[in-house]
Amino acid sequence: MALIGIGQGGSLSPLTLSGMAAATNEGAGAASGTGEAFQSPHQGLLIMKTIGYAAQTAGAPLAPFTFERRPLRPNDVAMEILYCGVCHSDLHTARNDWGWTLYPAVPGHEIVGRVTEVGSAVNRYKVGDAVAVGCLVDSCQECDHCHHGEEQFCSNGRTDTYNSPDRISGAITYGGYSKHLVVREEFVLRVPEGLDLAKTAPLLCAGITTYSPLRTWNVGPSSRVGVIGLGGLGHMAVKLAIGLGAEVTVMSRTKDKAADALALGADRLLVSTDEQAMAKAQSGFDLIIDTVPVKHDLNPYLPLLDVDGTLVLVGQVGPLAEPNTVPMILGRRRIAGSLIGGIRETQEMLDFCARKNILPECEMIRMDQINEAFERLEHADVRYRFVIDMASLDSSAGAKA
Ligand SMILES: [Zn+2]
Ligand SMILES: [Zn+2]
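Oh and the sequence shown: position 223 is 223 in the UniProt record's numbering, straight run, nothing missing.
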């Protein structure tokens, strides 16, 4: 998915340090907004040294990077990261494709680990628990959206897991391509018993990004769901929609993906360049999840929606090819967007996946293979999600340091 600093109004601006500092929720007078050294009177003093992989500039490959995690605040959970999924947003951020990357950038927001330490006020987690962190690490916890469990739409600005200023210190957040992480308790998720830890990682972004619209538009046993694109997001949309009982059609420009779609459990593949098949499929869908990550034309897909049907965009960030309003007006059809999901819904998704045994298809890599993985990701050459085994970090970092 695309997790970026876009305001709710759709303004394409990065969340600024000053804006975030103004929204600080712990009035300790600590929001310097400068990212400089910071020490709160009520937190521990032990800074955790850790190692990760960072991009130092837009053109540089990711390379080993030693840095510090903050001392534990009372409501913080510290974890050792075991696995981290590789999302398209990681690549866009590392390369500054959206123009607001702050370097050095440590990407990664599909994080699974084990608790190593908890702050004095933490009561939900204990040392040794299997936990996860997704795209969010903080929000104001006070606005209507936060109260409704939709922290991703926090009126005062969510804090992303990477490339985002910390609400208290102003320091830029570093993500999961690293050995350790410190996150406030409210943004830590529990990995349910029985879920494979490595394969759980991609659920934290690809999973929730597709689960949230399925739930928002009430997909269930009688639903007819279409999925455009069969990459990291698309293959999760297929699995989750099937898990919810829907009839699922994968939509693709060629029939090359037919076998893959059926293997994932989809009922059929609809070839979007086959005019006859597209005409026959008209008005046959309640919800279409569009995971295509680049600019594309929605017009062939809109007539596929039934009256009141919705095409929801979760992949591409930016301008679309001009949509024709005729099918929208004649069929009360909608084009919508969706951004990850809140913490409550993310936990619900993890529990759902554990119950239904739904997991992504993953290709495990070592940390030092990340640059190669980025290149393959750019060419959609992965089935369907890379996951970094963080146990490889010490040796690969040491070899290159
Ligand atoms: Zn992501
Ligand atoms: Zn809020």
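We put the CB at the ideal spot given by N, CA and C, even for glycine.
Around the CB of glutamine 347, 16 or more other CB atoms lie within 10 Å, so the residue is classed as buried. Contact between leucine 46 and proline 71 holds: CB atoms are separated by about 5 Å, below the 8 Å threshold. Rounded to whole angstroms, the gap between the alpha carbons of valine 317 and tyrosine 125 is 35 Å. At the C-beta level, threonine 50 and glutamate 80 stay beyond 7 Å of one another. The count of Cβ pairs closer than 8 Å, one atom from the stretch 220-227 and one from the stretch 163-173, stays below three, leaving the stretches out of contact. Scanning the stretch 216-280 for uninterrupted beta strand (DSSP E) segments of 3 residues or longer gives 224-228, 247-252 and 268-271, listed from N- to C-terminal end. Look at serine 164 here: in three-state DSSP terms it is coil, with no helix or strand label. Nearest to lysine 179 by C-alpha distance, out of Glu378, Arg366, Leu377 and Glu372, is Arg366. Excluding the 5 residues flanking it on each side, glycine 341 has same chain C-beta neighbours closer than 6 Å at Ile208 and Ser212, in chain order. If you check the C-beta of cysteine 87 against ligand 1, you find a heavy atom less than 6 Å away. Bridge pairing for aspartate 389: Tyr83 and Arg366 [DSSP]. Between the beta-carbon of valine 250 and that of alanine 261 there is about 4 Å, and that keeps the pair under the 8 Å contact cut. In terms of side-chain proximity, the C-beta atom of serine 139 is found nearer than 6 Å to a non-hydrogen atom of ligand 2. In this structure, the straight-line span from the alpha carbon of alanine 321 to that of histidine 296 is close to 6 Å. Using a Cβ distance threshold of 7 Å, arginine 333 and proline 327 count as a contacting pair. Within the DSSP bridge table, the entry for methionine 48 names Arg69 as partners. Residue burial is scored here from C-beta neighbours: methionine 349 has at least 16 other C-beta atoms within 10 angstroms and is therefore classed as buried.
Taking the Cβ atoms as the reference, isoleucine 289 lies roughly 25 Å from alanine 373, outside the contact range of under 8 Å. In this chain, the alpha helix (DSSP H) harbouring histidine 88 covers 88-94.
Take proline 300, set aside five residues on each side of it, and the residues of its chain with a beta-carbon closer than 7 Å to its own are Ser272 and Met278, in chain order. Within the chosen limit of 6 Å, ligand 2 reaches the beta carbon of cysteine 143 through at least one heavy atom. The continuous beta strand (DSSP E) containing valine 118 extends over residues 111-118.
In summary, leucine 339 is buried, with 16 or more beta-carbon neighbours lying within 10 Å of its beta-carbon over all protein chains present. DSSP, read as helix, strand or coil, puts threonine 57 in coil. Remark: the shortest separation between the CB of cysteine 146 and any heavy atom of ligand 2 falls under 6 Å.
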